[in-house]
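Structure first, then comments.
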Amino acid sequence: YQTKLVSHLKSDDFFKVEKNPESKFEITSVKEKDGKPWISGKLTLIGKTETLEFPADITVKDGIATGTAKLEVDRTKWGLTYGSGNFFKELVADKIINDKFEISVNLTAKK
555 YQTKLVSHLK SDDFFKVEKN PESKFEITSV KEKDGKPWIS GKLTLIGKTE
605 TLEFPADITV KDGIATGTAK LEVDRTKWGL TYGSGNFFKE LVADKIINDK
655 FEISVNLTAK K
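Per the numbering used here, the very first residue in the sequence shown carries number 555; after that it's consecutive.
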């Protein structure tokens with residue numbers, strides 16, 4: 555089943571990997587908000603870029619910053635609407651695919 559799922563996610567229904575083999579996230583700023591670091595950046599999926607902002611846990615020791623974060627991404631902002639109950643009202647419940655997915659970030663940076 556996993557092979558079939560991965561193949562479908564790579565298809566034109568979702569991430570169009572053949573046309574867009576690379577996705578990327580570019581950090582544009584890190585600011586403190588409510589006493590916690592928040593990362594702002596640009597996420598590019600299927601050739602379209604959207605801005606994201608999310609909290610992170612960041613520590614700096616001996617000139618090395620490490621950070622972790624979990625963020626929820628709404629795939630429909632990139633036009634990934636296949637199986638979305640918000641775009642296809644006729645879908646029955648067991649055919650609807652959640653619009654949101656989670657990304658876990660682990661980052662290490664040297665100064």
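Virtual Cβ for every residue (Gly too), placed ideally from N, Cα, C.
In this text the structure is predicted, and so the values were computed from the model without any measurement.
Among the bridge pairs identified by DSSP, residue 640 is matched with none. Distances from the CA of residue 607 to each of 595, 623, 664 were compared; the closest alpha carbon is that of 595. With the rule of 3 Cβ pairs closer than 8 Å, the region 573-587 counts as touching the region 596-615.
By the beta-carbon neighbour count (other beta carbons within 10 angstroms, threshold 16), residue 593 is buried. The Cβ atoms of residue 621 and residue 628 lie no closer than 9 Å to each other. Judged by beta-carbon spacing, residue 634 lies within the 9 Å limit of residue 568, meaning their Cβ atoms are closer than that value. Boundaries of the alpha helix (DSSP H) around residue 557: 556-564.
In the three-state reduction of the DSSP assignment, residue 654 falls in the strand class.
The three-state reading of DSSP puts residue 630 in helix, counting H, G and I together.
Cβ contact annotation for residue 631 (same chain, cutoff 8 Å, sequence separation greater than five): 604, in chain order.
Going by DSSP, residue 608 is part of the beta strand (DSSP E) stretching over 602-609.
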